[in-house]
Amino acid sequence: MQVSVRRLALHPLALAQCGRLGGAVPRPAPRLLIPGTRTLFSDTGVWEKDYRTETRRKVEQWWHPRIMEQWRRDTLEELKSKPFYVLSMFPYPSGRLHMGHVRVYTISDTIGHFQRMRGHQVLNPMGWDAFGLPAENAAIERGLDPEEWTKSNIQAMREQLDSLGLCFNWDREVTTCLPDYYRWTQYLFVKLFKAGLAYQKEAVVNWDPVDQTVLADEQVDENGRSWRSGALVEQKLLRQWFIKTTNYAKPLLDALSDLPEWYGVKAMQANWIGDCTGCYFDFSLKVNSEETGETLAAHTSSPEAVFGAAYLAILPSHRLLHGTSSVRSALEKHFQPGRDPLCVGVCCLCFCMCVCVCVCVMFMLHLCLPGIPDSSEQDLSVARALGLKWTTVLKSQDDGTHTLINSEEFTGLSREQAFHSITQKAREQKVGGHLTSSKLRDWLISRQRYWGTPIPVVHCGSCGPVAVPEEELPVTLPKLPSLTGKGASPLEAAHDWVSCRCPRCKGPARRETDTMDTFVDSAWYYFRYTDPHNPDRPFERPLADHWLPVDVYIGGKEHAVMHLYYARFLSHFCRDQGLVAHREPFRKLLVQGLIKGQTFRLADSGQYVKREDIDFTGEEPVPLGGGRLEVTWEKMSKSKHNGLDPQEVVQQYGIDTVRLYILYAAPPEQDILWNAKTDALPGVLRWQSRLWQLVTKLRGARQLGDVPNPSLLKKKEQTEARKIWDNKNYAIEQVTAHFTGDFLFNAAISRLMGLTNTLTSATVRVVQHSAEFEEALATLVLMTAPMAPHLTSELWAGLAGGKPTSVTFLVFYVTGESLGMRHFCHPSISDSDPQINNKVCGTVTVPRQMSQDAEQVQRLVLESQLGQELLGERSIKRAILSPRTALINFLIDE
920 MQVSVRRLAL
930 HPLALAQCGR
940 LGGAVPRPAP
950 RLLIPGTRTL
960 FSDTGVWEKD
970 YRTETRRKVE
980 QWWHPRIMEQ
990 WRRDTLEELK
1000 SKPFYVLSMF
1010 PYPSGRLHMG
1020 HVRVYTISDT
1030 IGHFQRMRGH
1040 QVLNPMGWDA
1050 FGLPAENAAI
1060 ERGLDPEEWT
1070 KSNIQAMREQ
1080 LDSLGLCFNW
1090 DREVTTCLPD
1100 YYRWTQYLFV
1110 KLFKAGLAYQ
1120 KEAVVNWDPV
1130 DQTVLADEQV
1140 DENGRSWRSG
1150 ALVEQKLLRQ
1160 WFIKTTNYAK
1170 PLLDALSDLP
1180 EWYGVKAMQA
1190 NWIGDCTGCY
1200 FDFSLKVNSE
1210 ETGETLAAHT
1220 SSPEAVFGAA
1230 YLAILPSHRL
1240 LHGTSSVRSA
1250 LEKHFQPGRD
1260 PLCVGVCCLC
1270 FCMCVCVCVC
1280 VMFMLHLCLP
1290 GIPDSSEQDL
1300 SVARALGLKW
1310 TTVLKSQDDG
1320 THTLINSEEF
1330 TGLSREQAFH
1340 SITQKAREQK
1350 VGGHLTSSKL
1360 RDWLISRQRY
1370 WGTPIPVVHC
1380 GSCGPVAVPE
1390 EELPVTLPKL
1400 PSLTGKGASP
1410 LEAAHDWVSC
1420 RCPRCKGPAR
1430 RETDTMDTFV
1440 DSAWYYFRYT
1450 DPHNPDRPFE
1460 RPLADHWLPV
1470 DVYIGGKEHA
1480 VMHLYYARFL
1490 SHFCRDQGLV
1500 AHREPFRKLL
1510 VQGLIKGQTF
1520 RLADSGQYVK
1530 REDIDFTGEE
1540 PVPLGGGRLE
1550 VTWEKMSKSK
1560 HNGLDPQEVV
1570 QQYGIDTVRL
1580 YILYAAPPEQ
1590 DILWNAKTDA
1600 LPGVLRWQSR
1610 LWQLVTKLRG
1620 ARQLGDVPNP
1630 SLLKKKEQTE
1640 ARKIWDNKNY
1650 AIEQVTAHFT
1660 GDFLFNAAIS
1670 RLMGLTNTLT
1680 SATVRVVQHS
1690 AEFEEALATL
1700 VLMTAPMAPH
1710 LTSELWAGLA
1720 GGKPTSVTFL
1730 VFYVTGESLG
1740 MRHFCHPSIS
1750 DSDPQINNKV
1760 CGTVTVPRQM
1770 SQDAEQVQRL
1780 VLESQLGQEL
1790 LGERSIKRAI
1800 LSPRTALINF
1810 LIDE
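The opening position of the sequence shown corresponds to residue 920 in the working numbering, with each subsequent residue numbered one higher.
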């Protein structure tokens, strides 16, 4: 016999009375609220009719520690339900939160609560991006150890986050400056080094003269200034460490098509990577027919025609013309600035070529290029002007296509075939061949500062650069007596630390004194959250595969290129290393805009003016000292006198009010112009009061003494109840879509405000006797809960009474449709049970005191009219009553 499951839902607010209530109408009966039920925020046990400021404070004081503790206990459960990973970009520990932090963490906390209420096991972790220049500069200014400074800031910011009622998985906290974290950053670097993806070379680099460190190309703005200090960047020749991200350009570009839309970030990533239509080849350099041991990477969009190269073009600023390169003297003999182009007497040899080509110094280039006359008219004209010889490698066919000639084993192939064959051979010989664009550069990760992850490499006179063995990690930072931030890397001063033994030959060696760019630390932290205390590996694959990819990643759009690109690269690399199953680390990206404050500047000098120094009594604000003001909206900062202290704002308005305002004022990706006088803040204050009044209204109706009786409703009142029911169903559909699809929380709140209006206008008899009003109000409270957990927990207590339970820990489901209606069921149930998708067959009301007695519930269901219709003639094999939810399942023979 085929076995199937039929499910009958018990209404969550089941009528608290003894006896059997039959009937086939699948609508829930109302619950009789008991007068004088003890409320949870008041010692008196009396429900306060008005939601005043003092009431709000009491509610939040009562529920704040209980919600935090319940979340802590909930995170300790085993991995048994469907996972949901919501991740907000972790902050730099500056010591003080700003309103931008409040916005991003409010969004992640809201999504976390919502998904927890849907039955998911939620991971909402928090950590600290704790290395970097700000801490080092602050330590230098104050004469402090940057570690002490950072740890004190972390403690202060964690207390601030807790005061905002944000439910993070603090048991999974990570801090990038601690050895138990950066040990694994070094481990991943060693993996990259062994895979040939981490390398060191001399390069003309961007030098920040203020912060005294190298910057990646991505950290220099379009005006040539440092992204952090604002200083004009200088060009300097240094030996630097790079990660060969260009090898992954094509996979990273192609994978974008499989991701959902990322608020324009996908286009920014694609533009940054560029069209991957060519590749780099490594050319060996020769002087006077002798190989120098140096290589030159050159990009070509016609790799299939590489056998026809006539020359290799470099810029006058190329590293070969600077520093101590072994070919510099040979180039200088021939190079004369101002001549364009100029062929010099250094030759290069490609991996697959048996003839040399000259190095040509040219202006108006942006990278090193091989000149191939067969594939470019410009290359042809340059080769002719220089009097160079080259080999013809392309032969035209009658159909307009080309085949290769004079190309060794590739001769006879079509251009397309040769393209793939030659690049494949280059990859096999590890001399290039990875498809990438001409605009993309490898990731420069060297930083000449102290406060960063040490690069785990030693330099040996015999062996060259050697990676520190994995079992000897971490290479920890030494303690330095003082920091100046000037000159060479501060680690150079730690002589005992720098001097070491080569892991390979055991001879004398020196440690690498550059530290890593902090973007390396943040390129993999989302992995560590899945297994944060593992002492043996960066993370266990089963745990990473359980949680990843991140379901929703939330952060600022300013990280659209650098951080997201690096994180995606490292995830692809970890997949190729067999560390994880997925290439892409993030499913959905949710970017949030800024919170801007009003700024006032003197028109003549541009000086920012404090609000207390402005006269607002007239039509236009004017400075007290005279003059004219320019009024704008800018990113909040102390220097602009337009910032807000989040704790002061919360103290004034309350946690839930601030949360609702942030979510309601604008869609996440748009900026918020913070103004307490706008409609948004007064609007959410009024809405909270109206929610409170609705619960007060229902309690008052139930306390009239009459048992609710839907049969007493007249036709007009039944029509009104049906409209309430339809409005509730529409709200469920819309709000769920906003929470899971477009993340338009402002639209979700507007829809809930509409449902609030419908319930507020309900007539007294509909409030007193209809199941629809009570069901809609319960639904309204549940759907508001992720955004305002303290208020709604108290509203739920007012509706249901009993043991204090935060509403955000009641699990609800849209369990199916019955006569076009959707049902919410609670408290807790695992949606890993496939039976959850069966249709709800109806509702039978049972007394609360009997709801966990399997025999009693089975008897009441079978004796009801609904039970008789559906189960009267069936052979029941087994009846299963869930111990944690108001559902009973019958196993029957089909």
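Virtual Cβ for every residue (Gly too), placed ideally from N, Cα, C.
Which residues DSSP lists as bridging residue i, in chain order
i	result
phenylalanine 1161	Tyr1118 and Leu1363
aspartate 1534	Val1541
valine 1123	Leu1156
cysteine 1419	Ala1428
methionine 1435	Ser1365
histidine 1321	Ser1315
lysine 1796	Answer is none; lysine 1796 lacks a bridge partner.
isoleucine 1233	Val1280
tyrosine 1004	Leu1042
glycine 1290	Tyr1230
Beta-carbon proximity list for residue i, same chain, < 6 Å, skipping 5 on both sides
i	result
aspartate 1298	Gly1290, Ile1291 and Pro1292
arginine 1429	His1378 and Val1417
methionine 1008	Gly1474
arginine 1793	Ile1811
glycine 941	Low per-residue confidence applies at glycine 941: pLDDT is 28, beneath 50, and the placement is therefore not dependable, though the value from the model is reported in the following sentence. Cβ neighbours of glycine 941 beyond the five flanking positions: Ser1783 and Gln1784.
valine 1541	Asp1534
Nearest-angstrom beta carbon gap, residue j and residue i [assumed within contact, 8 Å]
i	j	result
threonine 1219	glycine 1197	5 Å
serine 1689	glutamine 989	That belief does not hold up - the Cβ atoms of serine 1689 and glutamine 989 are roughly 32 Å apart, past 8 Å.
leucine 1107	proline 1457	7 Å
tyrosine 1199	alanine 1216	5 Å
leucine 1156	arginine 1238	6 Å
phenylalanine 1202	threonine 1214	6 Å
threonine 1029	phenylalanine 1664	7 Å
Same chain only: Cβ atoms within 7 Å of residue i, ignoring 5 sequence neighbours per side
i	result
glycine 1212	none
phenylalanine 1050	Thr1095, Cys1096, Trp1370, Gly1371, Thr1372, Thr1437 and Asp1440
proline 1753	At proline 1753 the pLDDT is 23, less than 50, meaning the model places this residue with poor confidence; the figure from the coordinates comes in the next sentence. The answer is none, since no qualifying residue turns up.
leucine 1332	Thr1322, Leu1323 and Ser1340
alanine 1054	Pro1065, Trp1068, Thr1069 and Trp1370
proline 1388	Pro1422
aspartate 969	none
CB contact flag (residue i, residue j, <9 Å)
i	j	result
leucine 1392	glutamine 1105	yes
arginine 1520	threonine 1551	yes
proline 1044	phenylalanine 1003	no
aspartate 1127	valine 1152	yes
alanine 1229	valine 1278	no
proline 984	methionine 1076	no
proline 1504	alanine 1486	yes
leucine 1085	leucine 1042	no
lysine 1647	threonine 1698	yes
arginine 1360	aspartate 1136	yes
phenylalanine 1161	alanine 1386	no
arginine 1797	leucine 1789	no
proline 1222	alanine 1345	yes
histidine 1039	proline 1705	no
proline 1397	threonine 1403	no
alanine 1150	aspartate 1130	yes
glutamate 1431	glutamine 1511	no
lysine 1314	isoleucine 1324	yes
threonine 974	tryptophan 1611	yes
valine 1603	threonine 1576	yes
Cβ neighbours of residue i in the same chain (closer than 8 Å, five flanking residues each side left out)
i	result
leucine 1617	Leu952, Val1686, Phe1692, Glu1693, Leu1696 and Leu1718
glutamine 1571	none
leucine 1613	Thr1675, Leu1678, Thr1679, Leu1696 and Leu1699
cysteine 1424	Cys1379, Ser1381 and Cys1382
Chain C within 9 Å of residue i, Cβ atoms only
i	result
isoleucine 1807	The question asks about chain C, but that chain is absent: this structure has only one protein chain.
Stretch-stretch touch, CB-based, cutoff 8 Å, three pairs: the stretch 967-986 with the stretch 1442-1454: no
Given 8 Å, three or more beta-carbon pairs between the stretch 1077-1091 and the stretch 1344-1364: no
Segment contact, 8 Å Cβ cut-off, at least three pairs: the stretch 1096-1106 with the stretch 1580-1590: no
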